[in-house]
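**Q** Quick one: structure below, then a few questions.
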Amino acid sequence: MTIQIHWGNWLFWGFVASLALVSAESIAQGLGLTRLNLPLILGAALTPNRDRARALGIALHIVIGWLFSLVYVVAMQFLGGPTWYRGALIGLAQALFICLIGWQALPGIHPRMASETHGPRSTRMLEPPGFMGLNYGASTPVAVFVTHAIFGSVVGAFYR
Amino acid sequence: MRYGSDAAPPIGDYGIIGDCRSAALISKQGSLDWLCWPWFDSPSVFGAILDIEKGGFWRVSPAGGYRTKRRYLPCTNVLETSFTSTTGTLRVIDCMPVYELDYERTHMIPDREILRVVECTEGEVQLDGIFFPAPKYGKARTRWKQQNALGIHVQFVGGTLWLRSDLEWQVRNDHAVCRAFLRAGERKYCSLVMMEHGPAVLSPLGESSDVALAQTIAWWTKWSERCEYRGPFRNEVVRSALALKLLNFAPSGAIVAASSTSLPERVGGNLNWDYRFCWLRDASMTVTALFGLGYHDEAEAFIDWLLHSTNLTQPRLLVMYSVYGRPVKKEKELKYWRGYRNSRPVRIGNGARNQLQLDVYGEVISAAAQLDEYNKSIDRASARVLRGVGKYVREHWAKPDKGIWEGRIADQHHTHSKLMCWVAMNKLLQLHDAGLLKNLDRKLIEEIREEIKVAIRERAWNAERQTYTAVFDGVEVDASLLLLAKYEFEAAGCERMRLTYQRITEELGTDSGLLYRYRDKLSPGEGAFGIASFWLVEYLAMGGGSLQEAESEFRRLLMYSNDLGLYSEEINPETGAALGNFPQGFTHVGLINAVLSLAERCAKEIDREQVA
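The listed protein sequences correspond, in order, to chains A and B. For what it's worth, this note's numbering labels the leading residue of the first sequence as 1, then goes sequentially. For what it's worth, this note's numbering labels the leading residue of the second sequence as 1001, then goes sequentially.
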């Protein structure tokens, strides 16, 4: 099977999907559904200054989302072509991976995140997400699933 | 949860700590009984001061009997409480860490933290701790989890709390307890952090907590050293400035009236109001105090907040705003809370928010006019706001209003409101003449100023009783009439002011030298009004009496602070007990301005002596 990428299309809709993801996460946080703040977590890996971390993190999150949308594009071609529901399905799969594995592994990777085993240290003080991200609120897994489904749907619905 | 006594301690038994965003009240018993997080006007996390059963508290003290001695570490808002029991002495240092900007930029620090450092300084002490948070005014359902090395995690809808400590806290249903035995030299740490939206930043304790404490002490000490006042009563002035700074909401520059709600003006009564907002009324006097002490940054930030955060409602100004300049929420009663010593209702939000109080316009313009006195400039946007507010005063000064005391009765023509309208016109002219305010119809403003002056002199003067009165064509006096001299409407030593002063002291004075704000028809049983007593000192210092009289009155008032130098809104004249919300920024502003007036009078007398 040959994989064809329409680069212009991907660049545009991947960016839009990434913006939609960041916005949806921000709305979920604003509504009090979760304390998960991915821009802060990503940015805090680069700087301890939280204001700067948030700003850097937003840019980083958009770029990572953008790149990830390429994975979605490729995966959808394998699944029979881009549609909104295939995109959403891939989004749910990614969310499942994040919740089950990503959050658990994060304290080991993140240079400023405390771990449940060792507690916080002077350089690692950020609260870890815990199993399924539940430390950030009981609705965190739901928020992760929904926002990633939105991300996948946007890529699937508009990328041609 | 068992609080440990049948009622909350006397209001004056509390000390305050804060981080210029929120503040906590801690009793002499080491019980943190009031804290709203993350902001001053957020729902409470601890509220035992208003309901010992359901409010929530965090106590750290020795088991059994003890004597308490406490103080603030010099020139700081770091509270130190020493408990001496029969077996030893336990010292608890409480603070909400604040950091230098450079440190904040290079270190990850918790958004909100309360740090309690517990140290046995002598003998051995059995420590008895209870941690019982009750978020959202006691309404939130909490989920507790002991999470290994991370500490105790308390989750609720809308936020999360992490309690970390090297003392052993055991989770029991909706609270945690700690029973520990400390020997001389042992030092332990408790850190409570809260996060509303993002992931929390947790404190590692030990050395990190010592750094946080040292940073906090250094921050407050540096801030105190900026106080340029070097005359008599400096300690009291610095303490008042520190109390005021605690009520300053750093992100916006706003200053809240107090960090508490519903502490009663009459214990057991219903005069319980929410003061966790910014009253425009306090503006001019607060700015005078800040500029007078050399805190120009804070004064300018406050003026900036006054002129720009209120732009949602301009040219109409509301009586009070939230720290971000939003209208205050509608008043609600927390019926499920019993109130401080059964003083119901407990109110959140403030019903006076929509009242027409004309004096606030004069306060705002008068505050801004002080920029001229300190050679600061006024930008175009601010000038536009001032002109707009001035126009509103021109068009509305003749209306009746609720007045300075915010009585929930029919509108009246309050003398103080008219005075402040006169001040508004006067200060606009001052700014215009100084070249700071252009495009002003000078003639019209002058005419209005004169009209107001004539109205006050004719209708607020009761020839029969030989006194100015609280309302036009009235009979009664109130303490705000002393401000006629402060705002230079009348000379302090003139006949009318002298007679009014006499009437005020006769009718509103107490045996203990305090002053009620008005005759108690409106609210029988309430205490003497803190700032009114300081106005009296100012009046005397400004020429209404001798320097000695003013100073002696002032010394008498110093006896009514608590052991930490803090004042509430009101004072029970019989017992000297603090009443009302605590500590009250306005009372501390009164103290500072009284000392500044005393110093000015003193300087004048020295000059006069030298000339002679």
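Every residue, glycine too, gets a C-beta built ideally from N, C-alpha and C.
Given a threshold of 16 other Cβ atoms within 10 Å of its Cβ, counted over all protein chains shown, does tyrosine 1336(B) qualify as buried or as exposed?
**A** exposed
**Q** Just to check my reading of the structure: serine 1061(B) and phenylalanine 1046(B) have Cβ atoms closer than 8 Å, yes? What is that Cβ distance to the nearest angstrom?
**A** No, serine 1061(B) and phenylalanine 1046(B) are not in contact; Cβ-Cβ is about 15 Å, not under 8 Å.
**Q** How is the beta strand (DSSP E) around glycine 81(A) delimited, first residue to last?
**A** Glycine 81(A) -> no beta strand (DSSP E), and no H or E assigned at all.
**Q** For a contact meaning CB atoms closer than 8 Å, what does methionine 76(A) contact in chain B?
**A** What methionine 76(A) touches in chain B: nothing, since even the nearest Cβ is about 32 Å away.
**Q** Could you check which residue in Asn1272(B), Glu1265(B), Arg1276(B), Arg1172(B) has the C-alpha nearest to that of cysteine 1036(B)?
**A** Closest by C-alpha distance to cysteine 1036(B), out of Asn1272(B), Glu1265(B), Arg1276(B), Arg1172(B), is Arg1276(B).
**Q** When the Cα of proline 128(A) is compared with those of Glu1168(B), Val1201(B), Arg1172(B), which residue comes out closest?
**A** Val1201(B)
**Q** Can you check which of these residues, Gly1580(B), Lys1443(B), Ala1007(B), Trp1034(B), is closest to isoleucine 1016(B) by C-alpha distance?
**A** Trp1034(B)
**Q** Taking all protein chains shown into account, do 16 or more other C-beta atoms lie within 10 angstroms of the C-beta of histidine 118(A), making it buried, or fewer, making it exposed?
**A** Its Cβ having fewer than 16 others within 10 Å, histidine 118(A) is exposed.
**Q** Based on DSSP bridge pairs, tell me the residues matched to asparagine 1462(B).
**A** Thr1467(B)
**Q** Output yes if chain A places a C-beta closer than 9 Å to the C-beta of arginine 1326(B); else output no.
**A** no
**Q** Excluding the 5 residues flanking alanine 95(A) on each side, which residues of the same chain have their C-beta closer than 6 Å to its C-beta?
**A** Val144, Phe145, His148
**Q** Could you name the residues of the segment 1152 to 1169 of chain B whose beta carbon sits closer than 9 Å to any beta carbon of chain A, in the order they occur along the chain?
**A** His1153, Gln1155, Val1157, Gly1158, Gly1159, Thr1160, Trp1162, Arg1164
**Q** Roughly how many whole angstroms lie between the Cα atoms of phenylalanine 131(A) and alanine 1250(B)?
**A** 36 Å
**Q** Could you pull out every residue in the same chain whose Cβ sits closer than 7 Å to the Cβ of aspartate 1304(B), ignoring the five residues on either side in sequence?
**A** Gly1253
**Q** If distances are taken between C-alpha atoms only, which option among Gly1030(B), Glu1373(B), Thr1500(B) comes closest to alanine 1464(B)?
**A** Alanine is not the amino acid found at residue 1464(B); the sequence shown has glutamate there. Answer by Cα proximity: Thr1500(B).
**Q** Cβ closer than 7 Å: which chain B residues qualify as neighbours of proline 82(A)?
**A** Residues of chain B passing the Cβ test: none, with the nearest at roughly 34 Å.
**Q** For the beta strand (DSSP E) that methionine 1195(B) lies in, which residues bound it at each end?
**A** Element bounds for methionine 1195(B): 1187 to 1195.
**Q** Which parts of the segment 1056 to 1111 of chain B are runs of the alpha helix (DSSP H), unbroken and 4 residues or longer, counting only runs that do not cross its ends?
**A** 1101 to 1106
**Q** Please list the terminal residues of the continuous beta strand (DSSP E) segment that includes histidine 1153(B).
**A** 1151 to 1156
**Q** Nearest by alpha-carbon distance to cysteine 1602(B): which of Ser1191(B), Gly1231(B), Ala1063(B) is it?
**A** Gly1231(B)
**Q** Taking a cut of 8 Å between CB atoms, which residues from the segment 22 to 48 of chain A lie near chain B?
**A** Gln29, Gly30, Gly32, Arg35, Leu36, Asn37, Leu40, Ile41, Ala44, Pro48
**Q** Would you mind giving the Cβ-Cβ distance between serine 1020(B) and valine 1098(B), rounded to the nearest angstrom? I have them listed as a contact below 8 Å.
**A** Per the sequence shown, the amino acid found at residue 1020(B) is cysteine instead of serine. 7 Å between Cβ atoms; contact.
**Q** Is the separation between the beta-carbon of glycine 1065(B) and that of glutamine 1029(B) shorter than 9 Å?
**A** no
**Q** Is the beta carbon of proline 1043(B) sitting closer than 9 Å to the one on serine 1022(B)?
**A** no
**Q** Within 10 angstroms of the Cβ of glycine 80(A), are there 16 or more other Cβ atoms? Answer buried if so, exposed if not.
**A** exposed
**Q** Give me whichever residues DSSP pairs with leucine 1515(B) in a beta bridge.
**A** Gly1509(B)
**Q** Is the distance from the Cβ of asparagine 37(A) to the Cβ of arginine 52(A) below 9 Å?
**A** no
**Q** Helix, strand or coil: how does DSSP classify histidine 1416(B) here?
**A** helix
**Q** Which residue from Arg1496(B), Lys1443(B), Phe1529(B) puts its Cα closest to that of leucine 1508(B)?
**A** Phe1529(B)
**Q** Per DSSP, what kind of secondary structure is glutamate 1551(B) in: helix, strand or coil?
**A** helix
**Q** What three-state label does DSSP hand arginine 112(A) in the structure shown?
**A** coil
**Q** Since glycine 1362(B) is in the alpha helix (DSSP H), which residue starts that stretch and which ends it?
**A** 1359 to 1373
**Q** Entirely within the segment 1158 to 1231 of chain B and at least 4 residues each: give me those alpha helix (DSSP H) ranges in chain order.
**A** 1207 to 1225
**Q** Using 10 angstroms around the beta-carbon of lysine 1188(B), count the other beta-carbons present and answer buried if the total reaches 16, otherwise exposed.
**A** buried
**Q** Examine chain B for any beta-carbon lying closer than 9 Å to the beta-carbon of serine 122(A), and answer yes or no.
**A** Under the Cβ distance rule, serine 122(A) counts among the residues neighbouring chain B, one pair being separated by less than 9 Å.
**Q** If you draw a straight line from the C-alpha of tryptophan 15(A) to the C-alpha of leucine 60(A), how long is it?
**A** With the sequence shown as reference, residue 15(A) is identified as phenylalanine, and tryptophan is not the correct amino acid for it. Going from the Cα of phenylalanine 15(A) to the Cα of leucine 60(A) covers about 12 Å.
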